[in-house]
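Note that the protein sequences, when read in sequence, are chains A and B.
Letter 88 of the first sequence, counting from 1, is numbered 88 in the numbering used here, and no numbers are missing.
Letter 29 of the second sequence, counting from 1, is numbered 243 in the numbering used here, and no numbers are missing.
Glycine included, every Cβ here is placed at the ideal spot set by N, Cα and C.
No experiment lies behind these values; they were computed from the predicted model shown.
In what follows, a structure is listed as structure tokens, so that the remarks can point back to it.
Protein chains: 2
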Amino acid sequence: MVPNRPFRPEPQGARDRLLEAGVKLVRRQGFAGTSVDQLCSAAGVTKGAFFHHFASKEALGVALAGYWSTSTGGFFAEAPYHHHARAVDRVLGYIDLRIALVGGAPEEFSCVAGTMLQESFRTSEPIRRACEASIMGNARALEADLAEAIADAGVTGTSAASLARQVQTVIQGAFILAKSQDPAESAATGREALGHLRRYFELLFNERGRENAP
Amino acid sequence: MVPNRPFRPEPQGARDRLLEAGVKLVRRQGFAGTSVDQLCSAAGVTKGAFFHHFASKEALGVALAGYWSTSTGGFFAEAPYHHHARAVDRVLGYIDLRIALVGGAPEEFSCVAGTMLQESFRTSEPIRRACEASIMGNARALEADLAEAIADAGVTGTSAASLARQVQTVIQGAFILAKSQDPAESAATGREALGHLRRYFELLFNERGRENAP
């Protein structure tokens, strides 16, 4: 698996070019800091074309969360970790893939939905809901494997849905810690955080002794 | 410990009133979405007073990260969990305090430094550095207890500094997941995430069997 392999095909048409520009600009400078003019300039479309496709910048934000989850969801659905026979290996395989994808600068591996949520959760209910759908959809895709791993290992006191949310928690937190660092250290900081998520799951699912090195 | 007990004394003077307005507005609507006019209005000061104290909005952002870490750092330094005899109990006591502080809406318990980092990490190097100092300073305050807990339990393959960063990772991620939810569900979602951090540390430090309910 190649880190930072593009999730998305080359955009065709003004609408997809605007959404692709949205991915790039939101990851780099946030949603509030990105103007319609910047989106049009990055996409190479006119302001008229923008407002033909989106009623407002907020409407683009809502569509962007959907575009993001559709494209990333497709990427993970096709990833090879699904072929492991044991459920716990599929869960750890997903985490290993997430670790492999953390490379380069934060704007190359960060989450569009988590970025938009951080500063828009209260100011735009449509964007909050769209980002919730994106992140929780991503979480739900892990639930079947987690439920099977929980049953196999006899884990009690939690649920597949709760552990799936925790995967997203650590991914989102890893991106914040990565962004806190000098760009040369960002990716290693993000991978370290996901490594602790792996170790938690190994302990929980009885896959390692506490004494082993990671 | 009362959730949402104010970390900070009533602000005295225009500078502190502007910083306190910054805490409130950045938590609610983000840094990019907050204007100098809004800061002045919320603080009840003139624009002239703003630019007497801060050369720019960016300068306020840098000062805000420092103000945030000084006031939150003081709160945690005085908290009662430090009195536990065993290092692991002090570490778990810190997590329990963080859990107790997650109540109400996200803008009441979220992190000013993590919020600013999310959308400003690439556009303002001074803000990134100030937020790094805030979050990593918070992390370093846990390192001595973590080092002692690691030695007591014979944990290998990680370090006090790495586990301290993971505490911050899960806290920051918990705030993003909380923000993704309807406000009525936000706090419970944040506490759930910190509960998994607690369980990870209990497993790592050999404080519970894998079979116990949380």
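Val-167/A is a Cβ neighbour of Leu-197/A, given a cutoff of 9 Å. The Cβ of Phe-335/B sits closer than 9 Å to at least one Cβ of chain A.
Counting only residues of its own chain and dropping the five nearest sequence neighbours on each side, Ala-246/B has a CB closer than 6 Å to the CB of Glu-333. Counted as a single uninterrupted DSSP element, the alpha helix (DSSP H) harbouring Gly-262/B occupies residues 261-267. Burial check for Gly-236/B: the Cβ neighbour count within 10 Å reaches 16 or more, so the residue is buried.
At a beta-carbon threshold of 7 Å, the residues of chain B lying near Gly-33/A are Ala-246, Glu-333, Thr-337, ordered along the chain. Residue contact check for Ala-319/B against chain A: a CB pair falls below 9 Å. For chain B, none of the residues of the segment 67-91 of chain A brings a beta carbon within less than 9 Å of one of its beta carbons. Contact between Met-116/A and Val-26/A holds: their C-beta atoms lie close to 6 Å from each other, under 8 Å. A direct Cα-to-Cα measurement between His-266/B and Leu-356/B gives close to 37 Å.
Taking the Cα positions, Arg-90/A is about 10 Å away from Glu-148/A. With a contact defined as Cβ atoms closer than 8 Å, Glu-272/B and Ser-373/B miss out at about 34 Å.
Only Gly-247 from the segment 247-264 of chain B bring a Cβ to less than 7 Å from some Cβ of chain A.
Between Gly-66/A and Gly-227/B, the alpha-carbon positions lie close to 46 Å from each other.
If you check the CB distance, Val-316/B and Ala-392/B come in under 9 Å.
At a Cβ-Cβ threshold of 9 Å, Ala-378/B and Arg-405/B do not count as neighbours. The contact set of Val-170/A on chain B, defined by CB atoms closer than 8 Å, consists of Thr-383, Val-384, Gly-387 in chain order. Sequence-distant partners of Val-276/B (beyond 5 residues in either direction) whose C-beta falls short of 7 Å from its own C-beta, in its chain, are Pro-340, Ile-341, Ala-344.
Relative to the Cα of Ile-99/A, the nearest Cα in the group Arg-208/A, Thr-189/A, Glu-207/A belongs to Thr-189/A.
In the three-state reduction of the DSSP assignment, Glu-416/B falls in the helix class, which pools H, G and I.
His-410, Tyr-414, Leu-417, Leu-418, Asn-420: these are the residues of the segment 409-423 of chain B whose beta carbon lies less than 7 Å from some beta carbon of chain A, given in chain order.
Classified as exposed, Glu-10/A has fewer than 16 neighbouring CB atoms from the shown chains inside 10 Å of its CB.
Minimum Cα-Cα distance from Gly-104/A among the listed residues Tyr-94/A, Gln-181/A, Cys-40/A corresponds to Gln-181/A.
Taken atom to atom, the span from the alpha-carbon of Leu-418/B to that of Arg-300/B is near 15 Å. Scanning its chain for C-beta atoms nearer than 8 Å, with the 5 sequence neighbours on each side dropped, one finds around Ala-291/B the residues Ala-355, in chain order. Considering only His-297/B, Phe-268/B, Ser-283/B, the residue with the shortest C-alpha distance to Ser-348/B is Ser-283/B. Taking a beta-carbon distance threshold of 9 Å, Ile-309/B does not count as an interface residue toward chain A. Going by DSSP, Val-240/B is part of the alpha helix (DSSP H) stretching over 227-243. Not a single C-beta of chain A is nearer than 9 Å to the C-beta of Leu-315/B.
Looking at Arg-231/B, Ser-324/B, Phe-335/B, the one whose alpha-carbon comes closest to that of Phe-121/A is Ser-324/B.
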